[in-house]
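> Pasting a structure below so you can have a look.
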């Protein structure tokens with residue numbers, strides 16, 4: 024038997040240990056909001072500065088625009104896209120190391136295009152075995168990593184209509200081998216004197232469904248009641264997991280209410296209502312946020328931010344909030360919870376707000392200095408907050424109680440507006456413009 028010298032054995036063990044620690048430090052970005060479902064990652068040694076020529080590991084053209092965020096698992100990048108006419112809907116897989124397109128599939132097609140939106144707004148999600156793509160046509164597909172369709176369904180035909188006024192935008196939640204799909208929208212009268220009038224919407228078609236992720240089998244579908252008015256039924260937010268007091272839940276917001284549901288049955292556990300004035304235009308876009316034992320919601324149209332500490336069977340009103348931050352916040356971007364702070368982008372005013380999540384106290388509220396509006400949700404890791412503007416600039420801000428812009432990176436090339444949030448994996452940033460996907464890294 025061959026004997027390995029002791030010095031060589033020590034070197035091999037050291038190499039294995041270093042490799043293992045490197046692998047443990049790397050995280051996948053397997054869904055829209057990342058590994059923590061709050062827009063953050065534990066990755067380190069991330070790039071701070073780049074240009075169209077520096078620190079670009081690779082760039083890959085995409086068929087067309089989309090607001091969906093790329094996801095990364097292992098050596099694969101998955102992207103949902105439309106073509107330049109926005110009528111054909113695609114799923115793509117790229118090599119994470121090179122950007123080489125491994126496969127692309129046209130999965131659906133549409134004739135209806137909502138104003139200022141597309142039909143490829145939902146981000147894909149993966150469990151490492153299958154990857155799931157959902158489109159505004161209500162077509163849902165489960166593909167294996169080779170691009171083969173394992174199962175598919177049309178949600179409208181099988182479960183009920185899914186078309187809010189500005190198109191469907193929620194990303195599926197994959198949680199413990201189950202796929203959760205929110206369909207929170209107003210039902211406009213189809214006959215009678217109020218036919219087609221959104222001011223007479225009701226909650227008949229407002230529901231949440233749960234599917235077996237492996238087979239697509241419907242496990243349950245629950246009605247989500249709402250007392251909203253007009254367009255305020257329409258909700259573009261995604262669901263968020265919440266494990267609290269030993270109960271596995273998911274959080275849903277929209278239709279003038281913030282609610283917690285049993286992840287097992289969908290049964291509503293608690294509810295906080297927040298609009299007694301019954302505004303008729305309070306559609307909701309930002310996804311709620313879990314910050315330790317608090318759930319943080321945004322009022323529609325960026326009117327305010329509030330927090331609730333929910334208990335089982337709790338019924339709360341807006342006045343019962345743990346705190347309310349009354350300054351204007353976000354109409355579109357979702358907040359993040361990072362290093363015991365909540366960060367919120369006011370995209371219209373192009374500012375970034377830092378709050379203490381325990382009290383709602385403002386720590387700072389400062390201008391980002393972008394040339395255009397910010398639609399994308401911020402992303403945080405490595406002590407940095409990345410804010411991405413519509414024209415492709417990225418502002419890097421220090422995650423600190425003193426506001427500091429670390430870098431202002433020039434706009435990346437690419438057709439059309441940039442609305443996709445930045446994804447982080449394996450020491451790299453994945454940034455999507457209107458027609459390109461970039462991998463940024465030293």
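Numbering (the numbering used here), first residue to last: 24 to 465.
Virtual Cβ for every residue (Gly too), placed ideally from N, Cα, C.
Which residue comes first and which comes last in the alpha helix (DSSP H) that contains residue 319?
No alpha helix (DSSP H) contains residue 319, which is instead part of the beta strand (DSSP E) from 317-321.
> Taking residue 204 as the reference, give the member of 417, 316 and 239 with the closest Cα.
It is 239.
> Let me check understanding here. Comparing Cα to Cα, which of 310, 128 and 409 lies closest to residue 73?
Answer by Cα proximity: 409.
> Kindly indicate which three-state DSSP category residue 48 falls into: helix, strand or coil?
With a pLDDT of only 44 at residue 48, under 50, the local geometry of the prediction cannot be trusted, and the value read off the model is given with reservation. DSSP places residue 48 in helix when its eight states are reduced to three.
> Is residue 256 helix, strand or coil by DSSP?
Helix, per DSSP.
> Please go through the same chain and pick out, in chain order, the residues whose beta-carbon is closer than 8 angstroms to the beta-carbon of residue 386, but skip the five residues on each side of it.
Excluding residues within five positions, the ones whose Cβ falls inside 8 angstroms are 364, 377, 378, 379 and 424.
> What's the gap between the Cα of residue 15 and the Cα of residue 281?
Nothing can be reported for residue 15, as the shown portion of the chain is limited to 24 through 465.
> Please report the distance separating the alpha-carbon of residue 151 from that of residue 300.
Straight-line Cα distance between these residues: approximately 45 angstroms.
> Helix, strand or coil for residue 283 per DSSP?
In the structure shown, residue 283 sits in a strand (DSSP, three-state: E or B).
> Sorted by chain position, which residues of the same chain lie with C-beta nearer than 6 angstroms to residue 88's C-beta, five sequence neighbours on each side aside?
So the qualifying residues of the chain are 439 and 457.
> Do you know offhand how far residue 79's Cα is from residue 62's?
Approximately 22 angstroms between the Cα atoms of the pair.
> Tell me the DSSP secondary structure of residue 297 in three-state form.
In the structure shown, residue 297 sits in coil (DSSP, three-state: anything other than H, G, I, E or B).
> Measuring CA to CA, which of 214, 319 and 305 is closest to residue 252?
Selected option, being the one with the closest Cα: 305.
> In whole angstroms, what is the alpha-carbon distance linking residue 57 and residue 284?
In a straight line, the C-alpha of residue 57 is about 21 angstroms away from that of residue 284.
> State the Cα-Cα distance for the pair residue 242 and residue 55, rounded to the nearest angstrom.
When rounded, the distance between both Cα atoms is 23 angstroms.
> Per the contact definition of three or more C-beta pairs closer than 8 angstroms, is the region 443-457 in contact with the region 81-95?
Yes: at least three Cβ pairs fall under 8 angstroms.
> Cβ of residue 107 within 8 angstroms of Cβ of residue 142?
No. Outside cutoff.
> Which residue marks the beginning of the beta strand (DSSP E) containing residue 213, and which one marks its end?
First-last for residue 213: undefined, no H or E at that position.
> Under three-state DSSP, which class holds residue 444?
Of the three classes helix, strand and coil, the one that applies to residue 444 here is coil, per DSSP.
> Assign residue 123 to one of three DSSP states: helix, strand, or coil.
Correct three-state label for residue 123: coil.
> Could you tell me the distance, in whole angstroms, from the CA atom of residue 390 to the CA atom of residue 316?
Taking the straight line from one Cα to the other gives about 30 angstroms.
> Considering only DSSP beta bridges, list what residue 411 is partnered with.
In the DSSP output, where bridge partners are listed per residue, residue 411 has 417.
> Can you round the beta-carbon distance between residue 225 and residue 295 to whole angstroms, since I take them to be within the 8 angstroms contact cut?
About 21 angstroms separates the two Cβ atoms, so there is no contact after all.
> Can you check which of these residues, 153, 322, 318 and 341, is closest to residue 334 by C-alpha distance?
Of the listed residues, the one whose Cα sits closest to residue 334 is 318.
> Whose C-beta lies closer than 7 angstroms to the C-beta of residue 451 among residues of the same chain, with five residues either side of it excluded?
Here the set comprises 80, 462, 463 and 464.
> Please report the straight-line C-alpha distance between residue 337 and residue 206, rounded to a whole angstrom.
If you take the alpha carbons of residue 337 and residue 206, they lie about 23 angstroms apart.
> With burial defined as no fewer than 16 other Cβ atoms inside 10 Å of the residue's Cβ, what is the status of residue 407: buried or exposed?
Answer is buried; the Cβ neighbour count reaches 16.
> Looking at residue 414 and the ligand ATP, is the gap between the Cβ and the nearest heavy atom below 7 angstroms?
This structure lacks the ligand ATP, and indeed carries no ligand of any kind.
> Taking the straight line between their C-alpha atoms, what separation do you get for residue 350 and residue 326?
Near 7 angstroms, if we compare the C-alpha coordinates of residue 326 and residue 350.
> Residue range of the beta strand (DSSP E) that residue 274 falls in?
Per DSSP, residue 274 belongs to the beta strand (DSSP E) from 270-277.
> Return helix, strand or coil for residue 244, following the three-state DSSP convention.
Residue 244: strand per DSSP, three-state reduction.
> Can you give me the Cβ contacts of residue 259 inside the same chain, cut-off strictly under 6 angstroms, excluding the 5 residues immediately before and after it?
Correct list, in chain order: 192 and 308.
> Measure the Cβ-Cβ separation of residue 196 and residue 262 and say whether it is below 8 angstroms.
Their beta carbons are under 8 angstroms apart, which means residue 196 touches residue 262 by this criterion.
> Report buried or exposed for residue 144, applying the criterion of at least 16 other Cβ atoms within 10 angstroms of its Cβ.
With 16 or more other Cβ atoms within 10 Å, it is buried.
> Is it true that the CB of residue 75 sits closer than 8 angstroms to the CB of residue 435?
Contact: yes.
> For residue 209, which residues of its own chain have a beta-carbon under 6 angstroms away from its beta-carbon, when the five flanking residues on both sides are left out?
The residues are 224, 256 and 257.
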